[in-house]
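**Student:**
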Amino acid sequence: MSRVFRLESVPRYGRTPVASQADPVPARPGPDRQAGIIAGFLAPHPPHLIYAENPPQNEPRSTGGWEVLRWAYETARARIRQLAPDVLIVHAPHWITMVGHHVNCVPNPRGISVEPIFPHLFRYRYDFRTDVQLAEALVEQYEAAGLVSRAMRDPDVRVDYATIGALHMANPAWDIPVVSISANNNPYFYSEADLEQMEVLGRATAEAVQRTGRRAILLASNSLSHLHFDRESDLPEDMSREYPFSNEQYHADMVLLDTIRRRPGAALRTAIADHIAATEAETKAGSLSWMLAAMGWPDTPGDVLGYGTIIGTGNAVVQWTRGDRGERRG
Ligand code: 2X7
Ligand code: FE2
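Sequential numbering from 157 applies to the sequence shown in this note's numbering.
(1) From the DSSP output, read off the bridge partner residues of Asn214.
(2) Just the Cα atoms here: how many angstroms apart are His276 and Leu323?
(3) If you draw a straight line from the alpha carbon of Trp446 to that of Thr456, how long is it in whole angstroms?
(4) Among Arg370, Gln366, Met395 and Pro249, which has the Cα closest to the Cα of Ile337?
(5) Within 10 angstroms of its Cβ, does Arg418 collect 16 or more other Cβ (buried), or is it exposed?
(6) Put Asp459 into one of helix, strand or coil per three-state DSSP.
(7) Using 10 angstroms around the beta-carbon of Thr132, count the other beta-carbons present and answer buried if the total reaches 16, otherwise exposed.
(8) Ignoring anything shorter than 4 residues, give me the alpha helix (DSSP H) runs that lie fully in the stretch 205-271, in order along the chain.
(9) Report yes if the CB atom of Asn327 is closer than 8 Å to the CB atom of Pro200, and no otherwise.
(10) For Leu374 versus Ala318, is the C-beta spacing smaller than 8 Å?
(11) Do you know offhand how far Val356's Cα is from Pro212's?
(12) Is there a C-beta anywhere in chain B that falls below 8 Å from the one on Val259?
(13) Count the other CB atoms within 10 Å of the CB of Thr426; is the residue buried (16 or more) or exposed (fewer)?
(14) Quick check: does the Cβ of Ile252 come within less than 7 Å of any heavy atom belonging to the ligand 2X7?
(15) For Ile467, is the beta carbon positioned less than 7 Å from some heavy atom of the ligand 2X7?
(16) Is it true that the stretch 276-296 meets the stretch 234-241, where meeting means three or more beta-carbon pairs spaced less than 8 Å apart?
(17) Distance, Cα to Cα, Glu292 vs Cys261?
(18) The ligand 2X7 heavy atoms versus the CB of Pro265: any closer than 7 Å?
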């Protein structure tokens, strides 16, 4: 076993860059072109998923692993292509802003994203296209809703691995424009998660999407129970070493997923808070609450596409879809 909190000496970044992921994409015909939020996915980002997949953008090589979660993402990818959104909007807990909700307004973010605890698994070259018009509309709408918000315009700010992780796993072709939103991390400083701001952030997100006439899919880049082992196997993808951190954490994840599968979205307002109280949940950073609030706490249950542990943390890929009549409720 080797300790996780240690940086191995790693090869220099010498790879030939992959083809630009930011080339313009023609609008694709879709089944229903009505503007609004058409679906939302709980889209966990642990770097192990990309590492296991061996895409050309990521330097480390693996022999696979975490297949069930990756198959869940294959289903999500197919459904996203079928829905043909104009934009993917991601809220990610590792783009931490201490003051306010920031929105990435850089037209073509490019660089290398490195996972600070697992740099031996994730050193990913990204190069994607932002929907700047929508990004700026979000900042305006957040301010109008009374939130502190900023347009982030510095092209040298590195995009965090939770943003890249969810976006790559949802759409590895990177041919759909993106908007990424930071996690205003104040909740982590309180024992009780205060997710009320995410309600406001979600509603304002939905309004900006409507106002700009976009058909958007939202990605909530969150793991569930979030305690992880501080040691890993010499082969990180040794699945005989992969199991829940504790029975309590696993059980709390199952209680939440059972509610997601069987109850309308409104039941999740308290279920998410209960889950946060029972586990060290990453949803405390607000991504899942933001997404469900933006979708008006959909009155249909979520479709759990898969669950698996990653170095002991609980992770699920879940889809919520807009109601048949296409309106936002709540
Ligand atoms: O960020 C993460 C995570 N959410 C879960 C597991 C392992 C690493 O990174
Ligand atoms: Fe995380």
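Ideal placement from N, C-alpha and C gives every residue a C-beta, glycine not left out.
Keep in mind the model is a prediction, meaning the values are calculated, not measured.
**Tutor:** According to the structure data:
(1) Tyr280
(2) Using only the alpha carbons, I get a separation of about 20 Å.
(3) Going from the Cα of Trp446 to the Cα of Thr456 covers about 17 Å.
(4) Sorting Arg370, Gln366, Met395 and Pro249 by C-alpha distance to the C-alpha of Ile337 places Pro249 at the top.
(5) Arg418 should be labelled exposed.
(6) Correct three-state label for Asp459: strand.
(7) Residue 132 lies beyond the range of the chain shown here (157 to 486); nothing can be said about it.
(8) 223-239
(9) Their beta carbons are not under 8 Å apart, which means Asn327 does not touch Pro200 by this criterion.
(10) No. Outside cutoff.
(11) 38 Å
(12) Given the protein chain composition of this structure (a single chain), no chain B is represented.
(13) exposed
(14) no
(15) yes
(16) no
(17) 7 Å
(18) no
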